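Single-structure report; data block below.
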Amino acid sequence: MGNPLQSKSWSPYLVGVGIGVLSWFTFWSADHPLGITTAFEHTAALAIQAAAPGVAETNPYFQEESPKIGWEWMLVVGVLIGSIISSMTSGDHEPITVPPLWKQRFGSSMGLRLSVAFWGAGLMMFGARLAEGCTSGHGISGSLQLAASSWVFSIIFFSVAIGTAFLMYGRTGSDV
Amino acid sequence: MFDPLWKLALGLITGIIFGILLQKGRVAKFQVIIEQFLFRDWTVVKIMGIAVVVGAVGIYALLPLDAVSLHIKPLVWLGIVAGGICFGAGMAIFGYCPGTSVAACGEGRRDAMVGVLGMLAGAGLYVVLFPQLSGLLKSWGDAGKITLPEWTGTSPWLWIGGLALVAVAAVAYSLRGRSGATHPVPGKSPRRQRST
Chain A
1 MGNPLQSKSW SPYLVGVGIG VLSWFTFWSA DHPLGITTAF EHTAALAIQA AAPGVAETNP
61 YFQEESPKIG WEWMLVVGVL IGSIISSMTS GDHEPITVPP LWKQRFGSSM GLRLSVAFWG
121 AGLMMFGARL AEGCTSGHGI SGSLQLAASS WVFSIIFFSV AIGTAFLMYG RTGSDV
Chain B
1001 MFDPLWKLAL GLITGIIFGI LLQKGRVAKF QVIIEQFLFR DWTVVKIMGI AVVVGAVGIY
1061 ALLPLDAVSL HIKPLVWLGI VAGGICFGAG MAIFGYCPGT SVAACGEGRR DAMVGVLGML
1121 AGAGLYVVLF PQLSGLLKSW GDAGKITLPE WTGTSPWLWI GGLALVAVAA VAYSLRGRSG
1181 ATHPVPGKSP RRQRST
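Just so you know, the protein sequences line up as chains A and B, in that order.
Here the first sequence is numbered in our numbering, starting from 1 and rising by one per residue.
Here the second sequence is numbered in our numbering, starting from 1001 and rising by one per residue.
Written as structure tokens, this is what we have:
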């Protein structure tokens, strides 16, 4: 069998069970749901506070929230390290800029792909902060708590993502 | 500004395990995310569905023992609906979600690295607009931190049992298609059968 870390992929069911059990652990050990985007909000807030203290003083965000380097921040750093470990041990390293599916539909321009990635990711994060959660915070952690907000959010974001993907790639014939 | 050291270490270890699971689950890949939305690859739904069912069983079993407590996000209607629309469109355009884009950086994907900068910009915009947004969001109705069982006046185990049944049926259907039984699942290409 060898080292399972050397395998390029695990069964999605096994990974799903792993994330489910990991969420038991996070609720029990840190009293936190698995979530990624709060760390981004806190990082941006700390950067604004450092770069423009005047803006931070007049913005009630900084009175209502206390941005910090905390458990959730380290969780994000951990995801990066975990992925590097997993990618290195299996040799599944893909230093690409323009994914093949994108290239087939929109061409091989790096500038186009990177600017669209920047603005798409920005829009996604802005939405996540409006809703106070993302695929992890709402989609997994919120849904498993049977939170009404998370089920409404998940159904809306999945439907909109399906519609957007079909608008963007619907005319792309087959698999790449 | 900083959590205690033990809590930082705990977050880091939890994150490393989460990162390994995301990378091995192949959801740090643009192709896998986009093809889920195009109904050509069901990896994302399989992982999320099983994680939700397994997670729900554990959390609701631990709840009466006081080992865990719930952390429900409020159902602020405007925030959830507008946020869901921006998030869904942004995710399909970008091709990764927040957690998987961080994992994609670990694979060396450069578009995901630029996306991480875009996510910081999006989060910064939210912080800067917070004074205007916080009032606006609350003005459209806030149903509070409510769960589906509370909303409908039912037992959580009714919901968890229902979800578990759906998951078992879906897994059984998928495995039957893969083993090449008498009723192959339409749309399952040979390429995908090898990869799962």
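Beta carbons are placed, not taken as given, at the ideal position from N, Cα and C, and that holds for glycine.
Note that the structure is predicted; figures quoted are calculated from it, not measured.
Review point. Using DSSP with H/G/I as helix, E/B as strand and the rest coil, what is Ile162/A?
Key: helix
Practice item. Taking Glu41/A as the reference, give the member of Ile1072/B, Ala1123/B, Gly1090/B and Met1048/B with the closest Cα. Key: Ala1123/B
Check your understanding: What are the residues of the segment 71 to 83 of chain A that lie near chain E, defined by any Cβ-Cβ distance shorter than 9 Å?
Key -> Included in the structure are the protein chains A and B, with no chain E among them.
Review point. If you run the structure through DSSP and keep just helix, strand and coil, what is Val1076/B?
Key: Three-state DSSP puts Val1076/B in a strand.
Review point. Could you give the residue range of the alpha helix (DSSP H) that holds Leu1120/B?
Key: Arg1110 to Lys1138
Practice item. For Ile69/A, name the three-state secondary structure that DSSP assigns. Key: strand
Check your understanding: Taking the alpha-carbon positions, what's the Tyr1173/B to Lys103/A distance?
Key -> 34 Å
Practice item. Look at the Cβ atom of Leu144/A, then the Cβ atom of Gly1055/B, and state whether they are nearer than 8 Å. Key: In contact: Leu144/A and Gly1055/B (Cβ atoms closer than 8 Å).
Check your understanding: If you run the structure through DSSP and keep just helix, strand and coil, what is Phe25/A?
Key -> helix
Check your understanding: Do the CB positions of Thr1154/B and Ile1072/B come within less than 8 Å of each other?
Key -> Note that the C-beta distance between Thr1154/B and Ile1072/B is not below 8 Å.
Review point. Rounded to a whole number of angstroms, what is the C-alpha to C-alpha distance between Glu1107/B and Gly91/A?
Key: 9 Å
Point to revise | Buried versus exposed call for Asp1041/B [16 or more other C-beta atoms within 10 Å across all chains shown] | key: buried
Check your understanding: Comparing alpha-carbon positions, which option in Arg1026/B, Met1048/B and Thr1014/B lies nearest His93/A?
Key -> In this structure, Arg1026/B is the residue among Arg1026/B, Met1048/B and Thr1014/B with its C-alpha nearest to the C-alpha of His93/A.
Review point. For Ala1056/B, which residues in chain A fall below 7 Å Cβ to Cβ?
Key: Leu144 and Leu146
Check your understanding: Considering only the beta carbon of each residue, do Ala1028/B and Ala1104/B sit closer than 8 Å?
Key -> yes
Exercise for review: Determine, using beta carbons only, whether Val1102/B comes closer than 8 Å to chain A.
Suggested key: yes
Exercise for review: Give a yes or no on whether 8 Å exceeds the smallest Cβ distance from Pro53/A to chain B.
Suggested key: no
Exercise for review: Give the secondary structure of Ala1067/B by DSSP, where H, G and I count as helix, E and B as strand, and everything else as coil.
Suggested key: Annotated three-state conformation of Ala1067/B is coil, per DSSP.
Exercise for review: Return the CA-CA distance between Val1171/B and Leu1062/B, expressed in angstroms with no decimal places.
Suggested key: Near 26 Å, if we compare the C-alpha coordinates of Leu1062/B and Val1171/B.
Review point. Can a CB atom of chain B be found closer than 8 Å to the CB of Ser136/A?
Key: yes
Practice item. Reducing DSSP to helix, strand and coil, say where Thr1147/B ends up. Key: DSSP places Thr1147/B in the strand class (E or B) of the three-state scheme.
Review point. How about Gly2/A: is its C-beta nearer than 8 Å to some C-beta of chain B?
Key: no
Check your understanding: Under 9 Å Cβ-Cβ, which residues of chain A neighbour Ala1170/B?
Key -> Going along chain A, no residue has its Cβ under 9 Å from Ala1170/B, so there is no contact; the nearest lies around 10 Å.
Check your understanding: Is the CB-CB distance between Phe62/A and Phe1087/B below 8 Å?
Key -> no
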